[in-house]
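There are 2 protein chains.
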Amino acid sequence: MVAVEELSKQGCSVKVSDLYAMQFEPRATRNDIVGCLHNPEEFNYGVETWEAYKRGDLSNDLIEEQKKVQEADLMIFQFPLYWFSMPAIMKGWMDRVLVQGFAHEFPNCYDSGLLKNKLALFSFTTGGSKEMYAKGGISGDIRYLLWPIQHGIMHFCGVKVLAPHICFAPEYVSEEKRKEMLIAWAQRLKALWKEEPINCSPEWYFK
Amino acid sequence: MVAVEELSKQGCSVKVSDLYAMQFEPRATRNDIVGCLHNPEEFNYGVETWEAYKRGDLSNDLIEEQKKVQEADLMIFQFPLYWFSMPAIMKGWMDRVLVQGFAHEFPNCYDSGLLKNKLALFSFTTGGSKEMYAKGGISGDIRYLLWPIQHGIMHFCGVKVLAPHICFAPEYVSEEKRKEMLIAWAQRLKALWKEEPINCSPEWYFK
């Protein structure tokens, strides 16, 4: 993995959550709360995980992931784009790890979200070409689909985002072009510390 | 469930996939392909499920769901909005059920997607208020987040969508208001057969 190698070389301490290798559970269920429920009569996942977080009663896999988030200055999410979004296993990471009390707690959301001072970067590959994902293209500007992810999730938690890193249609280009994509990614990582977050306003997405 | 009751009353044949009750698997893995792989050297989920679909070698849970889709004139997706999108378990349904060959097959996508002549309706509840999800509101127009779902998934497969049915912040309103929400939904369902699909162009989402 290019990013692990490159960032380690720079002296960064890198932690990887390989969700498939971990067989990470994507489903948000009662199992995420250890022990008794706050309100066993009417199960409300958001309320129960919030209460469990405060009591230290979230399931171990969630506590582990939250520790990694807590320690991170930068989170890189690497994935293949599935249906204009992240694969379900990664969506499950968002659904289950970013619980109220840990990542946000009204009114601490958006600019005052609890994970402010952290950065995120979405790095992904697509099936469709750059032309399909251009403004006016059949799949629309790729930024449209970044709104729920970058604004709805990250900005909501106070996380600032660096520009996304997008490799268009690696499946359909030559081996040489694929190598160039990896080299470009490594190049970008070398100078990542100089980058400023994007201005996460609706204009960035829909201008 | 209001929709099952109301549509059954109208004489519709209704099939329900209660994903949590089914413990539906959201992760897209090699287990979705029964028997040998097309290319065991380099696992490509999209290619392998496409080939397995053609051979009739998808896992049983996927075949069952595809049968339901095949028979349906209208698919109603009911969910609580999680992070500006559907919960991971439902995203996993999209990732795994709508395989190439079944739901789309280049160049049969968008208007000529393989599920054309079907309708979908996204019915969901939110945590945030209507004001937060208004244009200029802190969470942006709710239509922004419908783009990946309605256009990126449904339209891509040729499915036309009816206007979404949104219950804003039911957790934070009175019991009476919640009852009114259910009555309004039942009312809408009574006349659903008269509705025309929305014009699924970028203008609907971002005008």
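For the protein sequence lines, the chains are G and C, in the order given.
According to my numbering, the first sequence is numbered sequentially starting from 1255.
According to my numbering, the second sequence is numbered sequentially starting from 1255.
Positions of the beta carbon are idealized from the N, C-alpha and C atoms, including for glycine.
Values in this document were obtained by computation on a predicted structure and should not be read as measured data.
* Endpoints, the alpha helix (DSSP H) within which I1317 of chain C is located -> N1314 to E1325
* Asked: CA-CA distance, G1367 of chain C and C1411 of chain C?
  -> 4 Å
* Residues in the region 1338 to 1351 of chain G with C-beta within 7 Å of chain C's C-beta atoms, listed in sequence order? -> F1338, S1339, P1341, A1342, I1343, K1345, G1346, M1348 and D1349
* To do: Mind listing the chain G neighbours of T1380 of chain C? Cutoff is C-beta to C-beta under 9 Å, in chain order.
  => Going along chain G, no residue has its Cβ under 9 Å from T1380 of chain C, so there is no contact; the nearest lies around 11 Å.
* Under a CB-based cut-off of 8 Å, is I1452 of chain G close to chain C? -> Not an interface residue.
* Do you know offhand how far D1311 of chain C's Cα is from G1300 of chain C's? -> 14 Å
* In the DSSP assignment, what residue or residues form a beta bridge with F1331 of chain G? -> G:F1376
* Assigned exposure category for C1290 of chain G - 16 Cβ within 10 Å defines buried -> exposed
* Between D1286 of chain C and D1349 of chain C, what straight-line distance do the alpha-carbon atoms span, to the nearest angstrom? -> 11 Å
* Looking at the structure shown, is S1271 of chain G part of a helix, part of a strand, or coil, going by DSSP? -> If DSSP states are grouped into helix, strand and coil, S1271 of chain G belongs with coil.
* In DSSP terms, what H1358 of chain G is bridged to -> According to the DSSP secondary-structure assignment, H1358 of chain G is paired through a beta bridge with G:Q1354.
* Asked: Under the DSSP definition of a beta bridge, which residues are partnered with Y1364 of chain G?
  -> Beta-bridge pairing links Y1364 of chain G to no other residue.
* By Cβ distance, which residues of its chain are closer than 6 Å to P1280 of chain G, with the 5 residues on each side in sequence left out? -> A1342, I1343 and G1346
* Apart from the five residues just before and just after S1383 of chain C, which ones in its own chain have a Cβ nearer than 6 Å to its Cβ? -> F1422 and A1423
* To do: Could you work out which residues of chain C lie near W1401 of chain G, taking near to mean beta carbons separated by less than 9 Å?
  => F1338, G1394, Y1398, L1399, W1401 and P1402
* Could you give the distance in angstroms between the alpha-carbon of M1435 of chain G and the alpha-carbon of T1379 of chain G? -> Their Cα atoms are separated by approximately 10 Å.
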